[in-house]
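**Student:** What follows is a single structure, and I will ask about it in a moment.
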Amino acid sequence: MATSTATAVEPETTARIVETADALFYARGIQAVGMDEIRSTAGVSLKKLYAAFPGKEQLIAAVLTGRHELWEQGIRTAVDAAETPRDELLAVYDFLESWFGDETFRGCGFINAFGELGATSPAIAEIARDHKDSFQRFIADIAAHAVADADRAEELAAQLALLAEGAQTTAAIAGTADAAVHARRAAAVLIDAATR
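11 is the number of the first residue of the sequence shown in the working numbering; add one for each residue after it.
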């Protein structure tokens with residue numbers, strides 16, 4: 011039986027690397043942060059860093075996977091607290107307002123990653139697209155409960171997702187949570203029109 015010469019990396023170390031990379035990438039941008047800075051900030055050896063993540067693209071993918079899980083958990087918690095499908099749809103914008111008000115908010119990590127690497131990294135572009143598709147399906151599922159007509163529900167979901175995406179970009183640039191408030195008001199108008 012052959013023995014592996016690869017160094018196993020403890021899950022805690024891997025998690026610390028991902029957490030460190032996430033904070034640095036999100037604050038300063040992916041291309042501005044090198045692997046050596048991640049290594050030193052995380053307090054790991056270069057050998058352990060590369061044992062956990064053989065390349066920067068794998069580390070970026072792990073960071074985005076973690077962001078996707080946090081996003082889904084946060085938005086699901088907000089929506090689950092609502093009582094009606096209309097309230098569930100509007101809860102998305104309440105969640106956004108809370109997120110935009112966080113002092114560390116720098117926009118959507120997936121939009122940021124796509125903007126930096128989408129043209130040169132098909133893998134990162136695909137991760138960003140999958141995240142956005144997942145959000146679109148999430149909104150569509152709720153809209154299907156709010157609107158009886160399937161075509162109207164699908165159109166409403168597309169409109170509401172677009173409002174949420176635009177609010178994220180606007181809030182990042184403006185530096186305020188106001189975009190979520192305006193998007194919520196517009197969403198209420200669209201929902202009420204679709205359910206009449």
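From the three backbone atoms N, C-alpha and C, an ideal C-beta is built for every residue, glycine too.
Under the three-state reduction of DSSP, which class applies to Asp-112: helix, strand or coil?
**Tutor:** Here residue 112 corresponds to residue number 102 of the sequence shown, with the count starting at 1. Residue state, collapsed to three classes: coil.
**Student:** Kindly indicate which three-state DSSP category Gly-53 falls into: helix, strand or coil?
**Tutor:** Looking up residue 53 in the sequence shown gives position 43. Coil, per DSSP.
**Student:** Which term fits Arg-149, buried or exposed, when burial requires 16 or more other beta carbons within 10 angstroms of its beta carbon?
**Tutor:** Taking the first residue of the sequence shown as position 1, residue 149 is located at position 139. First, the amino acid is wrong: residue 149 is Ile here, not Arg. It counts as buried.
**Student:** Could you check how far apart the C-beta atoms of Ala-189 and Thr-180 are, in whole angstroms? I think they sit under 8 Å.
**Tutor:** Translated into the one-based positions of the sequence shown, residue 189 becomes position 179. Translated into the one-based positions of the sequence shown, residue 180 becomes position 170. Contact flag correct, Cβ pair sits at about 4 Å.
**Student:** Reducing DSSP to helix, strand and coil, say where Arg-206 ends up.
**Tutor:** Within the sequence shown, the letter at position 196 stands for residue 206. Note: Arg-206 maps to coil in three-state DSSP.
**Student:** For Ala-204, is the beta carbon positioned less than 8 Å from some heavy atom of the ligand PLP?
**Tutor:** For the ligand PLP, the structure offers nothing, since it holds no ligand at all.
**Student:** Can you tell me the Cα-Cα spacing of Thr-30 and Ile-85, whole angstroms?
**Tutor:** Working through the sequence shown from its first residue, we reach residue 30 at position 20. Working through the sequence shown from its first residue, we reach residue 85 at position 75. Going by the C-alpha atoms only, they are around 23 Å apart.
**Student:** With the cut-off set at 9 Å, would you say Leu-69 and Ile-201 are in Cβ contact?
**Tutor:** As a position in the sequence shown, residue 69 is number 59, starting the count at 1. As a position in the sequence shown, residue 201 is number 191, starting the count at 1. No, the Cβ-Cβ distance between Leu-69 and Ile-201 is not below 9 Å.
**Student:** Can you find the residues in the same chain that come closer than 8 Å, C-beta to C-beta, to Leu-74, ignoring five residues on each side of it along the sequence?
**Tutor:** Locating residue 74 in the sequence shown gives position 64, counting from the first residue. Gly-119, Phe-120, Ala-123, Ile-134, Ile-137, Ala-138 and His-141.
**Student:** Leaving out the 5 sequence neighbours to the left and right, which residues in its chain are closer than 7 Å to Thr-13 when beta-carbon positions are compared?
**Tutor:** The sequence position of residue 13 within the sequence shown is 3, counting from 1. Below a pLDDT of 50, predicted positions are generally treated as unreliable, and Thr-13, at 36, falls in that range; the measurement from the model is reported next regardless. There are no such residues.
**Student:** Are there 16 or more other CB atoms within 10 angstroms of the CB of Gln-178, so buried, or fewer, so exposed?
**Tutor:** Numbered from its first residue, the sequence shown carries residue 178 at position 168. Buried, because 16 or more other Cβ atoms sit within 10 Å of the Cβ of Gln-178.
**Student:** So is Val-207 buried or exposed if we call it buried at 16+ other beta carbons inside 10 Å?
**Tutor:** Nothing can be reported for residue 207: it is not among the residues displayed for the chain, which extend from 11 to 206.
**Student:** Is DSSP giving Val-19 helix, strand or coil here?
**Tutor:** What you label residue 19 is simply residue 9 of the sequence shown in a count that begins at 1. Three-state DSSP puts Val-19 in coil, outside helix and strand.
**Student:** Sort Gly-65, Ala-167 and Ile-183 by Cα distance to Ala-203 and report the nearest one.
**Tutor:** In the sequence shown, the residue the question calls residue 203 occupies position 193. Taking only the C-alpha atoms, the option nearest Ala-203 is Ala-167.
**Student:** Count the other C-beta atoms from every protein chain shown that fall within 10 angstroms of the C-beta of Thr-24, then say buried if there are 16 or more, exposed otherwise.
**Tutor:** In the sequence shown, the residue the question calls residue 24 occupies position 14. Buried, since its Cβ has 16 or more Cβ neighbours within 10 Å.
**Student:** Might you give, ordered along the chain, the residues of its own chain that have their beta carbon closer than 8 Å to the beta carbon of Ala-266, omitting 5 neighbours on each side?
**Tutor:** Residue 266 lies beyond the residue range present for the chain, which begins at 11 and ends at 206; the question has no answer from this structure.
**Student:** Could you pull out every residue in the same chain whose Cβ sits closer than 8 Å to the Cβ of Ala-91, ignoring the five residues on either side in sequence?
**Tutor:** For the purposes of this step, residue 91 is taken as the residue at position 81 of the sequence shown. Only Ala-101 meet the Cβ criterion.
**Student:** Once the 5 residues before and after Ala-16 are set aside, which same chain residues still bring their CB inside 8 Å of it?
**Tutor:** Within the sequence shown, residue 16 is the residue found at index 6, counting from 1. Note on Ala-16: pLDDT 44, under 50, position unreliable in the model; the coordinate value appears next. Taken in chain order, the residues that qualify are Ala-61.
**Student:** Taking buried to mean at least 16 other C-beta atoms within 10 Å of its own C-beta, is Asp-112 buried or exposed?
**Tutor:** In the sequence shown, the residue the question calls residue 112 occupies position 102. Exposed, since its Cβ has fewer than 16 Cβ neighbours within 10 Å.
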